[in-house]
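Working notes for the structure below.
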Amino acid sequence: MNIPKTHPRYKSLLMREKLVEALDKGILAKAGLIAHGRGECFDYLLGEKTTKYALKSIKVAAAMLVLAENPIISVNGNTVALALDEVVELAKELNGKIEINLFYRTKEREKAIFNEFLKKYREDINSGKLKIFGVKDVNYQIPNLDSLRGKVSKDFYEADVVLVPLEDGDRTEALVKMGKKVISIDLNPLSRTARYSTVTIVDELTRALPLLIKYVREFKNRDKDYLEELIKTYNNKDNLKDILKYISKRLESIEL
Ligand code: PTJ
C-alpha cells in the first residue's frame, strides 16, 4: 500500500504495513498483530515518544550490556519485522550474538527468520561477525518453563545479560530465576515481563533501539565505576511506578 508521507499517522501506518508484509512472508505470528495493537495503545498513553524514564532505563541497559561478559539478543517475529537492522547493528557493537526464539515456534517461521538475516547479512554471518543461534542448536532447556520458548542454544543458556524485546512474562521470570540480568523492551508497564525484568525499557522498539546503540557506543569509552554506579542507583520497580504516574498525570491534563 502506498501511504502518503503527509499522513498524520504515517510512521504508525508504515509499521503496520511492515508487520503485514512480515506476516505474508511467514516471519510474524498471527498473534504478533494483536501484540502490536496492544503496544500501540500503550504508546498513545505515553504520547508516542521516549520519556525521560525510558531514557533512564536505556542508559542502564546500555551500561549492563557494555559490562556484560557474554550478552545475547533474543529476537521474535515482531522484532525481526520491525527492527532487523537495528538489532544487527547493536549485536555488532557487542559480541555479535543473536538468538531466534519464538513463542509460536514452527520450523517454517524459524527458517523464514533465519533467511531474513542471511539475505541481508550473509557476509557478516560467514565471517563470524554475526552469530545467529536458536535454529538447529536448541539443546538446552530453561528450567521451569513449559512453553516452546524454553528451548535455547548453549550460548543463550550461558549468557549473563539477555536483551529480550517483546518477551513473555513466564520466560522473563524463569530467566531472572536462572540468575540472568534481563533487559526487556515493552510498551506495557503493567505486563508481567515489565514487572519481572531487571531493566524494563517502556518504549517503542524502533525508538528505543537506536538510543540503546548510541549509549552502548558512548559507554564503551566510559570507565567501569561510572557504569556500575548507573546500574546500582537504578530501581526497576520505582521506574515503572514513575511511568504509571507520568501516564496518569498526562491523561488528567490532556486537552481534547
Ligand atoms: O514471534 P513469536 O512467536 O515469538 O510471538 C511474539 C509475540 C509478540 C506475538 C508473543 O511473544 C506475544 O504474544 O507477546 P505478548 O504477550 O502479547 O507481549 C508482547 C508485548 O509487547 C505487549 O506487552 C505489547 O505491549 C508489547 N509491544 C508490542 N509492540 C511493541 C511492544 N513493545 C515495544 N515496541 C513495540 N513495537
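Note that the working numbering numbers the sequence shown so that position 85 is 283, with each residue one more than the last.
No residue lacks a Cβ here, since even glycine has one placed at the ideal position from N, Cα and C.
Which residue marks the beginning of the beta strand (DSSP E) containing residue i, and which one marks its end?
i, result
"residue 297", "295–298"
"residue 301", "Premise fails: residue 301 is in no beta strand (DSSP E) and is neither H nor E."
"residue 382", "379–383"
"residue 452", "Element bounds for residue 452: n/a, residue is neither H nor E."
"residue 361", "359–363"
"residue 398", "397–399"
"residue 329", "329–331"
"residue 273", "270–273"
Measure from the alpha carbon of residue i to the alpha carbon of each residue in the options, then state which is nearest.
i, options, result
"residue 286", "404, 227, 246, 358", "404"
"residue 314", "204, 363, 428, 221", "221"
"residue 357", "202, 448, 272", "272"
"residue 361", "297, 224, 449, 316", "297"
"residue 332", "414, 310, 321, 320", "310"
"residue 390", "364, 260, 448, 238", "364"
"residue 243", "402, 316, 322", "402"
"residue 522", "417, 321, 430", "In the structure as shown, the chain starts at 199 and stops at 454, and residue 522 therefore has no counterpart that could be examined."
"residue 316", "445, 328, 201", "328"
"residue 270", "203, 239, 293, 425", "293"
"residue 295", "330, 276, 279, 324", "330"
"residue 305", "275, 281, 323", "275"
"residue 290", "326, 261, 278", "326"
Using a Cβ-Cβ cutoff of less than 8 Å, which residues in the same chain neighbour residue i once the five nearest sequence positions on both sides are dropped?
i, result
"residue 283", "318"
"residue 392", "382, 384, 386, 398, 400, 438"
"residue 343", "368, 369, 372"
"residue 341", "372, 375, 376"
"residue 241", "385, 402"
Return the chain-ordered list of same chain residues with a C-beta closer than 7 Å to the C-beta of residue i, the five sequence neighbours on each side being excluded.
i, result
"residue 266", "358, 359"
"residue 442", "387"
"residue 395", "370, 380, 381, 382, 434"
Under DSSP, the alpha helix (DSSP H) around residue i begins and ends at which residues?
i, result
"residue 403", "403–417"
"residue 375", "367–375"
How about residue i: is its Cβ closer than 7 Å to a heavy atom in ligand 2?
i, result
"residue 301", "Ligand 2 is not among the ligands present in this structure, which contains only ligand 1."
For residue i, which residues in the same chain have their Cβ closer than 6 Å to its Cβ, ignoring the five residues on either side in sequence?
i, result
"residue 254", "none"
If contact is defined by three or more beta carbon pairs under 8 Å, each pair taking one atom from either stretch, is the segment 369–382 in contact with the segment 207–214? Judged by pairs of C-beta atoms under 8 Å, the segment 207–214 does not touch the segment 369–382, as fewer than three such pairs exist.
Mind the definition here: the segment 346–361 touches the segment 327–336 only if three or more C-beta pairs lie below 8 Å; say whether that holds. Of all C-beta pairs linking the segment 346–361 to the segment 327–336, three or more are shorter than 8 Å, placing the two stretches in contact.
Is the number of C-beta pairs between the segment 215–234 and the segment 288–307 that are closer than 8 Å three or more? Contact between the segment 215–234 and the segment 288–307 is established, with three or more Cβ pairs separated by less than 8 Å.
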